[in-house]
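Student:
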Amino acid sequence: MLAALCLSILSSVVTRPLPPEPNSPAADKKALQAIEAYLERCEFFGWSGAILIEEKGRVVLHRGFGEADRAKGIPCEVDTVFEIASVTKPFTACAILALVEDGKIDLDESIAEYLPGVPEARKNITVRHLLSHTSGMGRSQGVTTGTDLEAAVESAFAEAPLQEPGIAYEYWNQGYALLAGLIDHVTEEGYLDFLRHRLFAKAELGATGFTGDDLWPLEKQAIGYSGDTPLRHAAEHPYGAYDYRYRGMGGIVTNVEELWKLARAALDGELLKKSTTRDMLKEDGVIGPLGWRIMRSVRGDRQIWHGGDVEGFHTTVDCYPDNDAAVVVFSSSTEVHSFKIARSVASLLLSDGREVQGPPAIVRWKSNVLAKCEGKYGDGQGITLVVRAVGPGLEVTGGDDGGKALLLRRADKDPAKEVVVPERVPRMRFAVADDSPAKGTSRSKVGKPSGDEVFRTHIWARYQATSIVPTLRFEPNMRSPETLILEIPDIGEYHLKKQSD
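The numbering of the sequence shown is UniProt numbering, which starts it at 1 and goes up by one.
1. Taking all protein chains shown into account, decide if residue 495 is buried (16 or more other Cβ within 10 angstroms of its Cβ) or exposed.
2. Which class does residue 42 belong to by DSSP, given the choice of helix, strand or coil?
3. Out of 91, 148, 47, which has the shortest C-alpha to C-alpha gap to residue 75?
4. Of the choices 358, 482, 470, whose alpha-carbon is the least far from that of residue 378?
5. By the three-class DSSP mapping on this structure, what secondary structure does residue 181 have?
6. Put residue 191 into one of helix, strand or coil per three-state DSSP.
7. When you compare only the Cα positions, how much space is there between residue 502 and residue 176?
8. List the residues that DSSP assigns as beta-bridge partners of residue 295.
9. By DSSP's criteria, residue 221 is part of a beta bridge. Which residues make up the other side?
10. Put residue 483 into one of helix, strand or coil per three-state DSSP.
11. If you draw a straight line from the C-alpha of residue 250 to the C-alpha of residue 388, how long is it?
12. Are residue 484 and residue 430 close, meaning C-beta to C-beta below 7 Å?
13. The alpha helix (DSSP H) that contains residue 344, what's its start and end?
14. Leaving out the 5 sequence neighbours to the left and right, which residues in its chain are closer than 7 Å to residue 247 when beta-carbon positions are compared?
15. Grab the span of the beta strand (DSSP E) containing residue 51 for me, first residue to last.
16. Could you give the residue range of the beta strand (DSSP E) that holds residue 332?
17. Taking its Cβ as the centre, do 16 or more other Cβ atoms sit within 10 Å of residue 167, making it buried, or is it exposed?
18. Can you tell which of 311, 447, 404 has its C-alpha closest to the C-alpha of residue 426?
19. With a threshold of 7 Å between beta carbons, is residue 55 in contact with chain C?
20. Could you give the uninterrupted runs of the alpha helix (DSSP H) lying entirely in the stretch 252 to 287, keeping only those of 4 residues or more?
21. For the alpha helix (DSSP H) containing residue 92, list its first residue and its last residue.
22. Closest to residue 288 by C-alpha separation, out of 66, 460, 132, would be which residue?
23. Assign residue 5 to one of three DSSP states: helix, strand, or coil.
24. Measuring CB atoms only, is the stretch 325 to 338 touching the stretch 213 to 233, in the sense that at least three cross pairs come out at less than 8 Å?
25. Which runs of the beta strand (DSSP E) spanning at least 3 residues fall entirely within the stretch 352 to 408, listed in chain order?
26. For residue 497, does the three-state DSSP call read helix, strand or coil?
27. Nearest by alpha-carbon distance to residue 449: which of 475, 406, 344, 469 is it?
28. Taking the straight line between their C-alpha atoms, what separation do you get for residue 349 and residue 325?
29. Quick check: the Cα distance between residue 284 and residue 391, rounded to an integer number of angstroms?
30. Evaluate the contact criterion for the stretch 199 to 208 versus the stretch 308 to 319: three or more CB pairs, one atom per stretch, below 8 Å.
31. Which same chain residues end up closer than 6 Å to residue 470 when comparing Cβ atoms and leaving out the 5 residues on each side of it in sequence?
32. Do the CB positions of residue 268 and residue 301 come within less than 7 Å of each other?
33. Compare the Cα-Cα distances from residue 52 to each of 356, 260, 298 and report the closest residue.
34. By a C-beta neighbour count over all protein chains shown, 10 Å radius and 16 as the cutoff for buried, is residue 171 buried or exposed?
35. Output the distance between the C-alpha atoms of residue 406 and residue 398, rounded to the nearest integer angstrom.
36. Within 10 angstroms of its Cβ, does residue 160 collect 16 or more other Cβ (buried), or is it exposed?
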């Protein structure tokens, strides 16, 4: 069985500290080099976050990338904390199962036994139905707000369900708010303190809590961004308060090491009995695993996973028991989705030959070559752009309102084209693609200018990178740039002259 295999593979190492230099022979050296090169390209084109990779019981990569606070230049480090959004759900489920072990809850009993105000017509919904997203309620149905549990229950079931319980999987956030309310209702300490002592303490976590907690100084909290717009620190409430609008479905704040320690403890039977853990991971027709999700990866192996997405933050936990591997990724940008990075890293780690989705391999220029391109460029009609060398490429920002507006433009209102230029981003980063046969797995190479270099940026789309991206070139060449030419597909081509200091 999957659960039994998972329990045997995910051996308990959660109490040992992670090594300061975690690279080990467990992973192929070339695979690790390819992964780091890929992640560095992601970082250059806008990813800030952290990653932990484990293979064969050893942590092979544990790093932060980008900046936790761009205004202050504070880097993302391995102990930077992020809000994990819906990755909270597996741990809400784990807490419910702990109450089952305590004899306080029966998974197959009506939720009306544990929640006040359940409508008569919804009393056929069981605790198991809520845990497995098979309650019959639709994803966008119901609203749970405030701290009044009975009122939250009433509002959650204000609309008629899509179907009877147990018939079909339909992801329902509010179901996990009700599960948090159930914990509030049947325990003395309530949802937050129950998870703190029953899960966090048992897994020996010291830097894990909830939004609203004061465990972490601001400099250790990642700021979530939409484009270049800062939205909030990790421990700030995304919806004003940690009530039934978000409780149970999101809100845990932690670092990448402690998230994996908690996930390992949950999957390995450290937090629950082995029999309970098997029940949690059992695939039984429509009513599948409880809290976690299980699917076949692109390679055909089993993948136990969950993702989270809330304003400014994305989180992915992917476990591959057939390959004895796991990848955990944080992202603090609305545009950069952690699951894209996690799945690409898994392909490189497990050498499945699939072309990774993400920024292209890039040509690195010597700093003195890139420095020739730096400066202000204008069209004399209200558009000014500022170019500076950053890492292996160039960063372009709006030098005035016209320049900022240009960088914010999108083609039209066609949803398929709205990814051409990301919203609210008054800057773009450009590099020259390395079209080597390695298909995104080789390290960036140092190139020599040939006079016709075309720089391109990378636009993050939800499921794959779009090939319709802005490009940048210089005339007559990079060493003697007189004119900057910015081409934005479906919008136009802009010629800006270099301005004297």
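Yeah, the Cβ is synthetic: ideal placement off N, Cα and C, and Gly gets one too. Treat the numbers as computed from the prediction; the structure is a model and nothing was measured.
Tutor: Considering the structure as presented:
1. Residue numbering aside, residue 495 sits at position 495 when the sequence shown is read from its first letter. Counting Cβ neighbours within 10 Å, residue 495 comes out exposed, since fewer than 16 surround it.
2. Your numbering for residue 42 matches position 42 in the sequence shown. In this structure, residue 42 counts as helix in the three-state DSSP scheme.
3. For the purposes of this step, residue 75 is identified with residue 75 of the sequence shown, where counting begins at 1. It is 47.
4. In the sequence shown, counting from the first residue as 1, residue 378 sits at position 378. Out of 358, 482, 470, 482 has the C-alpha closest to the C-alpha of residue 378.
5. In the sequence shown, the residue the question calls residue 181 occupies position 181. Residue 181: helix per DSSP, three-state reduction.
6. Taking the sequence shown and counting its residues from 1, one reaches residue 191 at position 191. Looking at residue 191 - three-state DSSP - the assignment turns out to be helix.
7. Outside the shown range of the chain (1 to 501) lies residue 502, about which nothing can therefore be said.
8. Translated into the one-based positions of the sequence shown, residue 295 becomes position 295. For residue 295, which the question treats as bridged, DSSP gives the partners 303.
9. As a working mapping, residue 221 is identified with position 221 in the sequence shown. DSSP lists 81 as partners of residue 221.
10. Reading the sequence shown from its first residue, position 483 is the one you call residue 483. Here residue 483 sits in strand by DSSP.
11. Residue 250 sits at position 250 when you count from the first residue of the sequence shown. Residue 388 sits at position 388 when you count from the first residue of the sequence shown. Each residue's Cα considered, the two are about 39 Å apart.
12. Here residue 484 corresponds to residue number 484 of the sequence shown, with the count starting at 1. Here residue 430 corresponds to residue number 430 of the sequence shown, with the count starting at 1. Cβ atoms of residue 484 and residue 430: not closer than 7 Å.
13. Taking the sequence shown and counting its residues from 1, the one referred to as residue 344 is at position 344. From DSSP, the alpha helix (DSSP H) with residue 344 extends over 338 to 349.
14. The residue you call residue 247 lines up with position 247 of the sequence shown. Counting only Cβ-Cβ distances below 7 Å, and skipping sequence neighbours, we find 177, 180, 191.
15. The sequence position of residue 51 within the sequence shown is 51, counting from 1. Per DSSP, residue 51 belongs to the beta strand (DSSP E) from 49 to 55.
16. As a working note, residue 332 is residue 332 in the sequence shown. Segment: none, residue 332 is in no beta strand (DSSP E) and carries neither H nor E.
17. Here the question's residue 167 lines up with position 167 in the sequence shown. Residue 167 is exposed by the Cβ-count criterion.
18. The sequence position of residue 426 within the sequence shown is 426, counting from 1. Of the candidates 311, 447, 404, the one whose C-alpha sits nearest the C-alpha of residue 426 is 404.
19. Of the protein chains in the structure, only one exists, and it is not chain C.
20. With a minimum length of 4 residues, the continuous alpha helix (DSSP H) runs that stay inside the stretch 252 to 287 are 256 to 267, 274 to 281.
21. Translated into positions along the sequence shown, residue 92 becomes position 92. Looking at the DSSP string, the run of the alpha helix (DSSP H) that includes residue 92 is 89 to 101.
22. Locating residue 288 in the sequence shown gives position 288, counting from the first residue. Out of 66, 460, 132, 132 has the C-alpha closest to the C-alpha of residue 288.
23. To locate residue 5, count along the sequence shown from 1; it is residue 5. Unreliable positioning characterises residue 5 in this predicted model, as indicated by a pLDDT of 40, which lies under 50. The coordinate reading is nonetheless provided below. Of the three classes helix, strand and coil, the one that applies to residue 5 here is helix, per DSSP.
24. yes
25. You should have 362 to 364, 375 to 378, 384 to 390, 393 to 398.
26. Working through the sequence shown from its first residue, we reach residue 497 at position 497. Of the three classes helix, strand and coil, the one that applies to residue 497 here is strand, per DSSP.
27. In the sequence shown, residue 449 corresponds to position 449, counting from 1. Cα-wise, what sits closest to residue 449 is 475.
28. One-based indexing of the sequence shown puts residue 349 at position 349. One-based indexing of the sequence shown puts residue 325 at position 325. The alpha-carbon atoms of residue 349 and residue 325 are separated by roughly 9 Å.
29. Residue mapping note: residue 284 aligns to position 284 of the sequence shown, counting from 1. Residue mapping note: residue 391 aligns to position 391 of the sequence shown, counting from 1. Using only the alpha carbons, I get a separation of about 50 Å.
30. Contact between the stretch 199 to 208 and the stretch 308 to 319 is absent, because fewer than three Cβ pairs lie under 8 Å.
31. To locate residue 470, count along the sequence shown from 1; it is residue 470. Non-local beta-carbon contacts of residue 470 in its own chain, meaning distances under 6 Å to residues more than five positions away in sequence, involve 457, 488 in chain order.
32. Residue mapping note: residue 268 aligns to position 268 of the sequence shown, counting from 1. Residue mapping note: residue 301 aligns to position 301 of the sequence shown, counting from 1. Their beta carbons are not under 7 Å apart, which means residue 268 does not touch residue 301 by this criterion.
33. In the sequence shown, counting from the first residue as 1, residue 52 sits at position 52. Cα-wise, what sits closest to residue 52 is 260.
34. The residue labelled residue 171 in the question sits at position 171 within the sequence shown. Counting Cβ neighbours within 10 Å, residue 171 comes out exposed, since fewer than 16 surround it.
35. Residue numbering aside, residue 406 sits at position 406 when the sequence shown is read from its first letter. Residue numbering aside, residue 398 sits at position 398 when the sequence shown is read from its first letter. Approximately 8 Å between the Cα atoms of the pair.
36. Residue mapping note: residue 160 aligns to position 160 of the sequence shown, counting from 1. Answer is exposed; the Cβ neighbour count stays below 16.
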